[in-house]
Structure formats: structure tokens, C-alpha cells
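Residue numbers (this note's numbering): 8 to 330.
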């Protein structure tokens, strides 16, 4: 009931007023160029992450995308934990865009996101979902981990991706707002390129993929990744942060070479820094390795972990523990 009340309140919220926002205000970069956004206050606007750092090249891509008369939907591909979804959420926060994040699973059906027939006061009624409302209002629509969706669900959204009228099961027609931003985050391109690492992802019809502008993200550049860790852990020694970032680079290279079963993400590094600060004074363990294992190393087998410990040893110059 609480969830339903929250959705009702959001549907009834006053539409936000359009506003021009400078690039400096939105992304913290030194530019007085403006882009279209809204005045703050709508309950669907995401909270700003004060620790988020915008890469200038990414902001340029965003400005180009927003500058189109009718921006195409985005399909943002990248490895797990590189910041795809967070980037889209923070874009909503930066421009005060009411944002609807649509998450799905293998069992999701089209009616789960567009609306479904429910029983109310003994009568069957069709209740539209939040997604058609967002489409009609011109909110920012984000399909999170879209390559985990059943392909037929996204095929059912083709009209929405094309910014055309959408007809629901009860005959209700939702017209698109004059400007609707749609984006999707994914670990793969939707064409089966995930291999064993992303085995649970789906292959999509070319008719679906053709409706998206394609972006590719990777982990941040070392200086940006170091700055992110510093934001979260301002008292952490810069030399420690530098060693963490270099270790992460080696692990990601090992993944590409087939020597590691998974990548180390930005959130793993943030967690490593947190655990290291907590356990830094312990003498019963080696804090650097103990914190690394809690953040990432314990997720792989002992043989792989011993190899990863060698990367840590290289950059921290602290002998690795015997496993």
C-alpha cells in the first residue's frame, strides 16, 4: 500500500517548469553554455551524488545528444561496475529531469511495465504503469540492464522508442511529450557478445537495436578513478589510492587475457578503500590484502586470488600472504 501511495503521489505531482541550465551548474565544467532542463523540486528527480565526477569527453557526448531536435534513445554498453547506470541517473540529477528507472528480469512481461488489469473494489480495471505516464509527461526513461530483459518486452516498446503514440491494452492512447529522453544501460551490445562473463544476457532483434544510438563506456581513466576514490575517502593517502588504481588496471588486463573471471569495478575500489581504513591498524592480518579480499578477492578461487595478490604486491610493495 505504501508503494502504491508513493506512485500515486508522483503521478499527481505538479509538472516541473522548464529551465536553462549551464554546463558549469550541471556538470561542474567551466562553460556557460546552456542546455535544457527543469527547475528542481519534482519527486522523481534523482538525488545528486556529491562524489560523482564527470569526464569532460563524456559531457561533450551528452551535450551533442541533448542538442539534437529529437534525441534518439541511447544504448550504453560497458563492463559491469563502470558507471553506466549511475551516469544516466546523475544526468537526471544534473538537469533536474524527473527520471523513471525501469528494471526487469527474465520473467518480466510487457504488461509489467506498461500497465495491467487489476482487481479494485470487486471490479477489474486497467491500471497504466508509471512508464506511459513518464512518456506522456516527457520524463527521462532509463531501462536498467536492458540486456537482461526478454527481447519481446523491448519489441513491445518499439512505438515508444520511435516517439509515436502508444496504445495500451484497454485502448488508452498515450501521446509522447514534445521531448522525451530514453536511455538503456547494458553489459553487452545486445547481439550475444557477452560470452561466458555475461551468459545470462539476451540477444535482441535487429529491429530493436536499430532504434538506439550506441555508446560504449569503459572504466574511468586512472586520474578520474583516483579522484573518485579521493572523493569517497578524502583521508586516504594519495600513494595508496594510486596503488589501488594501478592494481585495478592490472586485474582488468588479466581479465582481457583470460586470467581472471571478472573485472574489478569502481564500486569495488571504493569498498576496498573503506575496508582498508577500518582495518588499517590491525596486526593479526595484512590490512591491504585483508581489505582487498573483502572488497573483491574473496569472490574468486584461491588460485586466482593468489595471482591477484601478486598485482597488489607489485604496487604496494608489501609481501603477499600465503594462501
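Beta carbons: idealized from backbone N, C-alpha and C, even for Gly. Keep in mind the model is a prediction, meaning the values are calculated, not measured.
Between residue 322 and residue 253, the C-beta spacing is below 7 Å.
Its chain contains 248, 249, 252 as the residues whose beta carbon lies nearer than 7 Å to that of residue 233, once the 5 sequence neighbours on both sides are disregarded; these appear in chain order.
When the beta-carbon positions are compared, residue 258 and residue 271 come within less than 7 Å of each other.
Between the alpha carbons of residue 243 and residue 136 lies a gap of roughly 45 Å. Listed in chain order, the alpha helix (DSSP H) runs fully inside the stretch 121 to 169 are 137 to 144, 158 to 162, 165 to 168, counting runs of at least 4 residues. Secondary structure at residue 45: strand, using DSSP grouped into helix, strand and coil. Counting C-beta atoms within 10 angstroms of its own C-beta, residue 129 has fewer than 16 neighbours from the protein chains shown and is therefore classed as exposed.
Counting only the Cα atoms, residue 140 lies some 23 Å from residue 55.
DSSP lists 191, 221 as the beta-bridge partner residues of residue 82. By the C-beta density criterion, residue 182 is exposed, having fewer than 16 other C-beta atoms within 10 angstroms. Inter-residue distance for residue 227 and residue 132 is about 48 Å (C-alpha atoms, whole angstroms).
Spanning the alpha carbons of residue 292 and residue 261 requires a straight line of approximately 26 Å. A Cβ-Cβ distance of about 4 Å is found for the pair residue 190 and residue 81, placing them in contact under the 8 Å criterion.
Secondary structure note for residue 109: its beta strand (DSSP E) is the uninterrupted segment 106 to 110. Residue 309 holds the alpha-carbon nearest to the alpha-carbon of residue 267 among 274, 71, 309. CA-CA distance, residue 144 to residue 22, rounds to 8 Å. By the neighbour-count definition (other C-beta atoms within 10 Å, threshold 16), residue 77 is an exposed residue. For residue 25, the uninterrupted beta strand (DSSP E) run begins and ends at 25 to 29, by DSSP. Taken atom to atom, the span from the alpha-carbon of residue 108 to that of residue 83 is near 14 Å. Looking only at 222, 37, 125, the smallest Cα-Cα distance to residue 193 is reached by 222. Residue environment for residue 186: exposed (fewer than 16 other C-beta atoms within 10 angstroms of its C-beta).
Here the alpha carbon of residue 116 sits roughly 24 Å from the alpha carbon of residue 220. Put simply, the backbone Cα of residue 225 is about 12 Å away from that of residue 256. Under a 10 Å Cβ-count criterion, residue 101 is classified as buried, with 16 or more other Cβ atoms of the shown protein chains found around its own Cβ. The alpha-carbon of residue 68 is positioned some 20 Å away from that of residue 88. Per DSSP, reduced to three states, the secondary structure at residue 318 is helical. Within 10 angstroms of the beta-carbon of residue 152 lie 16 or more other beta-carbons, which makes it buried.
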